[in-house]
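Chemist: In the numbering used here, the protein residues as written are 31 to 501.
Every residue gets a Cβ at the ideal spot worked out from N, C-alpha and C, and that includes glycine.
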Amino acid sequence: MIKYTKYVCTEILYNEVLILQFDINKYESFYFVGIGGISMSSLALILKRSGKTVKGYDRRRSDATKSLENEGIEVFYECAESNCAGCDIAVYTAAVDGSHPEMKYLAAKSIPTISRAELLGAIAKSYPNSIAVAGTHGKSTTCGILSQIFLSLNGADPTILIGAKLPSISSTFRTGHDGNFVFEACEYKDSFLQFYPTVSVILNVELDHTDYFASIDQMDKSFKHFMDNTAPDGCVIVNKDSEHAMLCASNHEGKIYTYSVKDPSADFYAKDIHFVDGLPGYTLVFKGREVFAAELSIPGVHNISNSLAAVAAAFMSKVPDEAIIKGLKDFRGVGRRFEYKGKINGALVYDDYAHHPDEIVATLAAAKKLGGKRLISVFQPHTYSRTNDLLEGFKSAFGDADIKVFAEIFPAREENIYGISSAHIAEGMENALCIDSFEGIADYIRKNAEDGDTVILMGAGDIDSVAKLLF
């Protein structure tokens, strides 16, 4: 049994909880509730390919569920007690709770349940070198860069599980056998407290998921706990440019390495940052010593920072410089992270997952460095709680955009108890408008985008549907 302290944000206290160490080998038949999610579908496929029997439920069909069905996994789209028949154990996503009909059916049949995070934690513990990448933003890109670095190493065979498709593997996951496991550690509902990685990476800590975390102080406590779960012989890699990340690390008793794009005293530092055609390069400095020149194939100062985090994790994993340099250059981004979609009237159209004010600022700044005429942002806020609680941040995040288009809020799991709408973000902005349908947004872009413009679609919901209408 593993004893650990779990922070329960809804009660604002610490509870001592005893968790049984989950043994994946005891179970042969798995049922997934919310199987269509990126991480859930990847885990389902990992189990299926390892010889387990897998089926699951999701509320709607998607590309992910189609891929599952193509691999012989049965997916149900209507709740029914018979769905979970014959299963030994069920895995549920953080987006559902005990009130969900499928969870009630499982309880009635006395089928044991574990969270997605518990399953991922059990898988990760079987790897000698597990690298967990945490932070409010940048997890998928950093995991993608680090994965590409490992894949650039001759003879490497890493296992990868990230939150976006990595083009070089045409998937969100890869199963390997060399003992290295690169994965995202999501903070939502303290999921990452189920992980005990060899290397913990903290990209940044900013207030988010306000339906769970009531304050930045609560997030700090959770991230501190995540750091403390790092293996005793492992290390923590922290962004020195993130105030709260450094605050979380201030009393950590284990080994810590820092990285920075601003502070030369950091262990890993990006010196002589420059841009060629909007793409960055820099000289890597480790503990005061110049190591190599790095070139990236993705735009943005924020991606220099992400690359430093990946480089630091690769260093700790004893990856040779040559593989790191090649991986940095070969990495072309991951799905929905500044992803090029096509041209309309000569305007370049990109799609990005940015859904937090800081992410929007970074994405628009990266787009601005590409040059061109006007920058047109198209933003779909994600969840009513985030929009309400971070409203002032959203209102000040679009300074680099010449034209701001807002879609309606993507509700995800929430009801609008706040009376909030996208109009509250647009209020008082110059050259801002709200359009309530994707067809209307696509039509606006067709009529108004000009040669030399850059159009950025942003949001964690389904705003990428606009690109599908355009191309």
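Helix or strand or just coil, what does DSSP make of Arg-91?
Modeler: Position 61 of the sequence shown, counting from 1, holds the residue named residue 91. Looking at Arg-91 - three-state DSSP - the assignment turns out to be coil, as it is neither helix nor strand.
Chemist: Report the three-state DSSP secondary structure of Val-408 (helix, strand or coil).
Modeler: Translated into the one-based positions of the sequence shown, residue 408 becomes position 378. Reduced to three states, the DSSP call for Val-408 is strand.
Chemist: Okay, do the segment 171-183 and the segment 342-362 touch, 3+ Cβ pairs below 8 Å being the bar?
Modeler: Contact between the segment 171-183 and the segment 342-362 is present, because at least three Cβ pairs lie under 8 Å.
Chemist: Just mark His-454 as buried or exposed, buried being the case when its beta carbon has 16 or more other beta carbons within 10 Å.
Modeler: Position 424 of the sequence shown holds residue 454. It is buried - the Cβ of His-454 has at least 16 other Cβ atoms within 10 Å.
Chemist: Which residue wins for smallest C-alpha separation from His-167, given the options Lys-155, Ser-272, Ala-152 and Val-266?
Modeler: Sequence index remark: in the sequence shown, residue 167 carries index 137 (1-based). Comparing Cα-Cα distances from His-167 to each of Lys-155, Ser-272, Ala-152 and Val-266, the minimum goes to Ser-272.
Chemist: Thinking just about the alpha-carbon of each residue, which of Lys-195, Phe-203 and His-130 is nearest to the one in Val-150?
Modeler: One-based indexing of the sequence shown puts residue 150 at position 120. Sequence check: residue 150 is Leu here, not Val. For the residues Lys-195, Phe-203 and His-130, the minimum Cα distance to Leu-150 belongs to Phe-203.
Chemist: Under 8 Å between the Cβ atoms of Tyr-57 and Ile-119?
Modeler: As a working mapping, residue 57 is identified with position 27 in the sequence shown. As a working mapping, residue 119 is identified with position 89 in the sequence shown. Taking 8 Å as the Cβ cut-off, Tyr-57 and Ile-119 qualify as a contacting pair.
Chemist: Suppose you measure from the CA of Val-364 to the CA of Ala-397; what does that come to, to the nearest Å?
Modeler: In the sequence shown, counting from the first residue as 1, residue 364 sits at position 334. In the sequence shown, counting from the first residue as 1, residue 397 sits at position 367. Taking the straight line from one Cα to the other gives about 16 Å.
Chemist: Kindly indicate which residue of Arg-90, Gly-116, Asn-100 and Met-70 has the alpha-carbon position closest to the one of Thr-83.
Modeler: Start at 1 with the first residue of the sequence shown, and residue 83 comes out as number 53. Comparing Cα positions, the closest option is Gly-116.
Chemist: Out of curiosity, what's the CA-to-CA distance linking Asp-432 and Ala-479?
Modeler: Against the sequence shown, residue 432 aligns to sequence position 402. Against the sequence shown, residue 479 aligns to sequence position 449. Cα-Cα distance, rounded: 12 Å.
Chemist: Here's a check: name, in chain order, each residue in its chain whose Cβ is nearer than 8 Å to the Cβ of Ile-141, leaving out the five neighbours to either side.
Modeler: Within the sequence shown, the letter at position 111 stands for residue 141. So the list reads Tyr-61, Cys-114, Cys-117, Asp-118, Ile-119 and Ala-120, once near-sequence residues are dropped.
Chemist: If Phe-243 sits next to Ala-164, beta carbons under 8 Å apart, how far is it from one beta carbon to the other, in whole angstroms?
Modeler: Against the sequence shown, residue 243 aligns to sequence position 213. Against the sequence shown, residue 164 aligns to sequence position 134. Between Ala-164 and Phe-243 the Cβ distance is about 14 Å, and since that is not below 8 Å, they are no contact.
Chemist: Contact check, Ser-145 vs Ala-124 under 8 Å by CB: the rounded distance?
Modeler: For the purposes of this step, residue 145 is identified with residue 115 of the sequence shown, where counting begins at 1. For the purposes of this step, residue 124 is identified with residue 94 of the sequence shown, where counting begins at 1. The pair is a contact, with the Cβ atoms about 7 Å apart (cut-off 8 Å).
Chemist: Run the CB neighbour count on Ile-447, radius 10 Å, all protein chains shown included, and call it buried at 16 or more, exposed below.
Modeler: The residue labelled residue 447 in the question sits at position 417 within the sequence shown. When all chains shown are included, Ile-447 counts as exposed.
Chemist: According to DSSP, is Phe-62 helix, strand or coil?
Modeler: On the sequence shown, position 32 is the one that residue 62 refers to. Reduced to three states, the DSSP call for Phe-62 is strand.
Chemist: Taking DSSP as the reference, what is the three-state secondary structure of Met-488?
Modeler: Locating residue 488 in the sequence shown gives position 458, where the first residue counts as 1. Met-488 falls in the strand class under three-state DSSP.
Chemist: In this structure, does DSSP put Thr-228 in helix, strand or coil?
Modeler: For the purposes of this step, residue 228 is taken as residue 198 along the sequence shown, with counting starting at 1. The answer is coil: DSSP assigns Thr-228 none of H, G, I, E or B.
Chemist: Roughly how far, in whole angstroms, is the beta-carbon of Pro-262 from the beta-carbon of Ile-161, given that I think they are within contact range, below 8 Å?
Modeler: As a position in the sequence shown, residue 262 is number 232, starting the count at 1. As a position in the sequence shown, residue 161 is number 131, starting the count at 1. Wrong, their Cβ atoms sit about 16 Å apart, outside the cutoff.
Chemist: Gly-401 CB to nearest chain B CB: under 8 Å?
Modeler: Any reference to chain B falls outside this structure, which holds one protein chain only.
Chemist: Taking the beta strand (DSSP E) that Asp-302 belongs to, which residues open and close that run?
Modeler: Along the sequence shown, read from residue 1 onward, the residue named residue 302 stands at position 272. 298-306 is the span of the beta strand (DSSP E), which, as asked, contains Asp-302.
Chemist: Is the beta carbon of Asp-506 less than 8 Å from the beta carbon of Gly-423?
Modeler: Within the shown structure, residues of the chain are numbered from 31 to 501, placing residue 506 beyond reach of any answer.
Chemist: How should Val-264 be labelled, buried or exposed, when 16 other C-beta atoms within 10 angstroms of its C-beta is the threshold for buried?
Modeler: Against the sequence shown, residue 264 aligns to sequence position 234. Looking at the sequence provided, one finds Gly at residue 264 rather than Val. Classification of Gly-264: buried, given that the 10 Å Cβ count is 16 or more.
Chemist: Count Cβ pairs between the segment 434-453 and the segment 462-474 that sit closer than 8 Å; are there 3 or more?
Modeler: Judged by Cβ distances under 8 Å, the segment 434-453 makes contact with the segment 462-474, as three or more pairs qualify.
Chemist: From Val-212 to Gly-193, what does the alpha carbon distance come to, in whole angstroms?
Modeler: Here residue 212 is taken as the residue at index 182 of the sequence shown, counted from 1. Here residue 193 is taken as the residue at index 163 of the sequence shown, counted from 1. Distance between the alpha carbons of Val-212 and Gly-193: 11 Å.
Chemist: Would you call the segment 405-413 in contact with the segment 487-494, where contact means no fewer than 3 C-beta pairs closer than 8 Å?
Modeler: Yes, since at least three Cβ pairs between the segment 405-413 and the segment 487-494 fall closer than 8 Å, the two stretches touch.
Chemist: For Thr-35, does the count of other Cβ atoms within 10 angstroms reach 16, so buried, or fall short, so exposed?
Modeler: Counting from one through the sequence shown, the residue named residue 35 turns up at place 5. Summary for Thr-35: the model assigns pLDDT 29, below 50, so the residue's position carries little reliability, and this model does not support an answer.
Chemist: Apply the 10 Å Cβ neighbour rule to Asn-159 and answer buried if 16 or more other Cβ atoms are within range, or exposed otherwise.
Modeler: Position 129 of the sequence shown, counted from the start, is the residue given in the question as residue 159. Asn-159 should be labelled buried.
Chemist: Quick one: Cα of Arg-367 to Cα of Ser-290, how far?
Modeler: For the purposes of this step, residue 367 is taken as residue 337 along the sequence shown, with counting starting at 1. For the purposes of this step, residue 290 is taken as residue 260 along the sequence shown, with counting starting at 1. Straight-line Cα distance between these residues: approximately 22 Å.
Chemist: Between the C-alpha atoms of Asn-45 and Lys-219, what's the straight-line distance to the nearest angstrom?
Modeler: Along the sequence shown, read from residue 1 onward, the residue named residue 45 stands at position 15. Along the sequence shown, read from residue 1 onward, the residue named residue 219 stands at position 189. Below a pLDDT of 50, predicted positions are generally treated as unreliable, and Asn-45, at 31, falls in that range; no measurement from the model is reported.
Chemist: Label Pro-411 either buried or exposed according to how many other C-beta atoms from any shown protein chain fall within 10 Å of its C-beta, with 16 as the threshold for buried.
Modeler: Indexing the sequence shown from 1 puts residue 411 at position 381. Label assigned to Pro-411: buried.
Chemist: How many angstroms separate the CA atom of Asn-269 from the CA atom of Cys-109?
Modeler: Counting from 1 along the sequence shown, the entry for residue 269 is found at position 239. Counting from 1 along the sequence shown, the entry for residue 109 is found at position 79. Rounded to the nearest angstrom, the two C-alpha atoms are 44 Å apart.
Chemist: Is the beta carbon of Asp-505 sitting closer than 8 Å to the one on Tyr-299?
Modeler: Only positions 31 to 501 of the chain appear in the structure, and residue 505 is not among them; the question remains open.
Chemist: Name the residue from Ser-230, Gly-66 and Ser-92 whose alpha carbon lies nearest to the alpha carbon of Lys-85.
Modeler: Here residue 85 refers to the residue found at position 55 when the sequence shown is read from its first residue. Out of Ser-230, Gly-66 and Ser-92, Gly-66 has the C-alpha closest to the C-alpha of Lys-85.
Chemist: So, Cys-173 versus Val-235, is the Cβ gap smaller than 8 Å?
Modeler: In the sequence shown, residue 173 corresponds to position 143, counting from 1. In the sequence shown, residue 235 corresponds to position 205, counting from 1. No.
Chemist: Evaluate Leu-50 with the Cβ neighbour count: other Cβ atoms within 10 Å of its Cβ, from every protein chain shown; 16 or more gives buried, anything less gives exposed.
Modeler: As a first step, residue 50 must be located in the sequence shown, where it is residue number 20. No answer about Leu-50 holds up, because its pLDDT of 43 lies below 50 and its placement is not dependable.
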